Amino acid sequence: MKVLVTGWFSFEQMGATAGDLMARDVACQWLGNYGIEYDVAHAHPFSGGVDWQTVDPQDYSHVVFVCGPFGNGPPVTEFLARFAGKALIGLDLSMLQALEEWNPFDLLLERDSSARSHPDLAFLCSHPRVPVVGLVLIHPQTEYGQRDVQAHANAALRRLVNQREMAAVPIDTRLDVNETGLRTAAEVESLIARMDAVLTTRLHGLVLALKNGVPAVAVDPVAGGAKIRRQAETIGWPILLDGEKASDEDLRRAFDFCLTPQARELAQQCAARACRLLESVREELESFLKVARQEARGPEIALS
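Count along the sequence shown starting at 1, add 1, and that's the number in my numbering.
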């Protein structure tokens, strides 16, 4: 007995989703638990497995089609014709036609049909969680020049995203024209505050991350360092890299540290330090305004 596991991940450009892949993994886990040999049919861009269009159908006793909508039309008709005579199992499918009109399966354990419904298999998938990471990148800033350094720094962080498994969330802090659909400062900060870490070449990417206890890999996009470097040094945040010199290995080490409890505690300490230091700014401004208000009133005139 050998099973071929198929689904919309077996066909190019058919919209395979995360849920499809999760249901696939559950089906494969079940087959493995039963001690049943199986192959998985994948199409680009999914790697590994076999191609259902080129395998020998005689190698399989059963064919499973798992997850998604399923109806009587191309490319399903071609698929069914190729595996005609094989025991066909439908698993976690939404049947698009009433079963009394069309049901090609020897066993149908549908997600929903005209007869019944079941919970989606993705409920049982146990993939490990990956870090959710805010990507807060600088726009070209002509006042600093050095556009090549800015581009290099942004590219370095994008390479880090591509090298590691993470859910990268682009976050634009600019609000006159926002590339990520955010409209207010509260929306920007609320999104940053929910990240596990932030990768940034923007000063306020660093500030809003640390303010909310989120560790940040900060890359200064100005040669020699400018406002981001000065800010990190002022508040005591050590994870700062030079936009010209930072290597991919430097970025990986910095990112690994930012995912630790120690980094989150340090971020909280930096935020507290910043608030303490800003108290002197408030006091200095208050003192200045107090004098200015007294001067504006002029000398008091004694009335006889």
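The C-beta atom is built at its ideal place from N, Cα and C for all residues, glycine as well. What you are looking at is a predicted structure, and each value in this text was computed from that prediction instead of being measured.
Worksheet item: Which residues in the same chain as P70 place their Cβ atom closer than 7 Å to its Cβ, once the five residues preceding and following it in sequence are excluded?
Response: S95, L97
Fill in: W31 versus V131 - alpha carbon distance
24 Å
Discussion item. As an exercise, report each continuous beta strand (DSSP E) stretch of at least 3 residues that is fully enclosed by the segment 99–130, in chain order.
Written reply: 108–110
Worksheet item: Straight-line CA distance for R195 to C259?
Response: Going by the C-alpha atoms only, they are around 14 Å apart.
Worksheet entry | Own chain residues within Cβ distance below 7 Å of L22, not counting five before or after | Excluding the 5 residues flanking it on each side, L22 has same chain C-beta neighbours closer than 7 Å at F10, in chain order.
Discussion item. Under 8 Å: do the segment 263–271 and the segment 207–220 share three or more Cβ pairs, one atom per stretch?
Written reply: yes
Worksheet item: Where does F12 fall in DSSP's three states?
Response: Looking at F12 - three-state DSSP - the assignment turns out to be coil, as it is neither helix nor strand.
Discussion item. Rounded to whole angstroms, what is the Cα-Cα separation between L279 and I236?
Written reply: 10 Å
Practice prompt. Could you tell me which of Y39, V220, S62, L207 sits nearest to V150, measuring between CA atoms?
Written response: V220
Practice prompt. Less than 8 Å between the CB atoms is what I'm expecting for V133 and V170, so what's the real figure, rounded?
Written response: 6 Å
Worksheet item: From this set, P46, G33, Y39, N34, which residue's C-alpha is nearest Q14's C-alpha?
Response: Here the closest residue by C-alpha is P46.
Discussion item. Using only CA atoms, which one of R203, D257, D251, S62 lies nearest to Q232?
Written reply: Of the listed residues, the one whose Cα sits closest to Q232 is R203.
Discussion item. Within a Cβ cutoff of 8 Å, which residues of the same chain sit near L158, ignoring the five residues on either side of it in sequence?
Written reply: Cβ within range, chain order: L136, L138, L200, T201, T202, V218, V220, L252.
Practice prompt. Return helix, strand or coil for P262, following the three-state DSSP convention.
Written response: helix
Discussion item. Bridge partners for Y39 per DSSP, in chain order?
Written reply: V4
Fill in: C-alpha gap between A187 and V6, whole angstroms
46 Å
Worksheet item: Excluding the five sequence neighbours on either side, which residues of its own chain have a C-beta within less than 8 Å of the C-beta of S118, listed in chain order?
Response: E111, R112
Item to complete: Could you check the C-alpha separation between I193 and K291 for me, to the nearest Å?
Response: 37 Å
Practice prompt. For M196, name the three-state secondary structure that DSSP assigns.
Written response: coil
Item to complete: In the DSSP assignment, find the unbroken beta strand (DSSP E) run with A217 in it and report its ends.
Response: 217–221
Worksheet item: Cα-Cα, which of F80, P75, V67 is closest to G91?
Response: The residue with the shortest Cα to Cα distance from G91 is V67.
Discussion item. For H63, list the residues DSSP reports as bridge partners.
Written reply: DSSP output for H63 lists V4, A88 as bridge partner(s).
Worksheet item: Residues in its own chain within less than 8 Å of R83 by CB, not counting five upstream and five downstream?
Response: W53, Q54, P58
Item to complete: Under 8 Å Cβ to Cβ from P76, same chain only, skipping five residues before and after it: list those, please.
Response: F12, M15
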